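Engineer: This is the structure I want to talk about, given as structure tokens.
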């Protein structure tokens with residue numbers, strides 16, 4: 002599995018899993034946390050850290066992730082990266098890899114988002130809170146009743162370089 006992919010569903014049941022790797026890309030430090038199931042209970046084993054590589058000259062966060070994971074490998078003797086070092090080996094095959102890999106970003110600045118909701122005071126406001134709670138930078142909130150004409154909303158959407166949307170639908 003490439004570092005650019007995210008494992009959304011574990012390939013094994015909880016009872017079958019043995020190893021979990023979690024990484025967090027921060028603004029300055031990338032952290033890796035390694036967990037092992039022993040006697041039916043999950044235990045934290047070791048942590049690895051490396052400088053975050055989002056800025057120049059690297060401009061590739063996966064380098065920092067690999068470096069943090071390599072530290073975990075060195076501390077435990079457990080191989081996590083694939084044979085060619087290009088990604089996390091998932092699932093654990095008895096010798097190499099982890100059963101579940103998850104990653105987050107706590108880097109300052111957050112992801113720039115445009116939030117869209119049907120009704121300004123309900124779904125748009127709720128989606129805005131969710132985006133802010135996830136650490137996002139909300140560039141705009143758009144709803145059907147926000148007072149702008151449709152062409153103004155379209156112009157605003159086009160003006161943002163890469164708007165990411167958070168959609169919140171009402172319960173049925």
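In my numbering, the protein residues as written are 2 to 173. Built from N, CA and C at the ideal position, the CB exists for glycine as well. Remember, it's a predicted structure, so these values are computed and weren't measured experimentally.
1. Which stretch, first to last residue, makes up the alpha helix (DSSP H) that contains residue 155?
2. Among 18, 69, 16, which has the Cα closest to the Cα of residue 1?
3. Just the C-alpha distance for residue 59 and residue 65, rounded to the nearest angstrom, thanks.
4. Span of the beta strand (DSSP E) holding residue 119?
5. Comparing C-alpha positions only, which one of 54, 139, 35 sits nearest to residue 45?
6. Which residues mark the beginning and the end of the beta strand (DSSP E) in which residue 49 is found?
7. Among the residues of its own chain, which have a CB less than 6 Å from the CB of residue 24, if the five just before and after it don't count?
8. For residue 118, which residues in the same chain have their Cβ closer than 6 Å to its Cβ, ignoring the five residues on either side in sequence?
9. Excluding the five sequence neighbours on either side, which residues of its own chain have a C-beta within less than 7 Å of the C-beta of residue 9, listed in chain order?
10. Return the Cβ separation of residue 122 and residue 141 in integer angstroms, given the expectation that the two are a contact with Cβ distance under 8 Å.
11. With a threshold of 7 Å on Cβ separation, who are the neighbours of residue 54 within its own chain once the five nearest residues in sequence on each side are excluded?
Structural biologist: Per the coordinate set shown:
1. From DSSP, the alpha helix (DSSP H) with residue 155 extends over 151 to 160.
2. A question about residue 1 goes unanswered here, because the residues of the chain that appear run from 2 up to 173.
3. Here the alpha carbons of residue 65 and residue 59 stand approximately 9 Å from one another.
4. For residue 119, there is no enclosing beta strand (DSSP E), as DSSP gives it neither H nor E.
5. The residue with the shortest Cα to Cα distance from residue 45 is 35.
6. Unbroken beta strand (DSSP E) run through residue 49: 42 to 52.
7. Cβ within range, chain order: 33, 66, 104.
8. Excluding sequence neighbours, residue 118 sits near 124, 125, 128, 144, 169.
9. Only weak support is given to the placement of residue 9: the predicted model assigns it a pLDDT of 42, under 50, and the value that follows is read from those uncertain coordinates. Contacts found: none.
10. With 8 Å as the limit, residue 122 and residue 141 do not qualify as a contact, their Cβ atoms being about 16 Å apart.
11. Contacts found: 61, 62, 64, 65.
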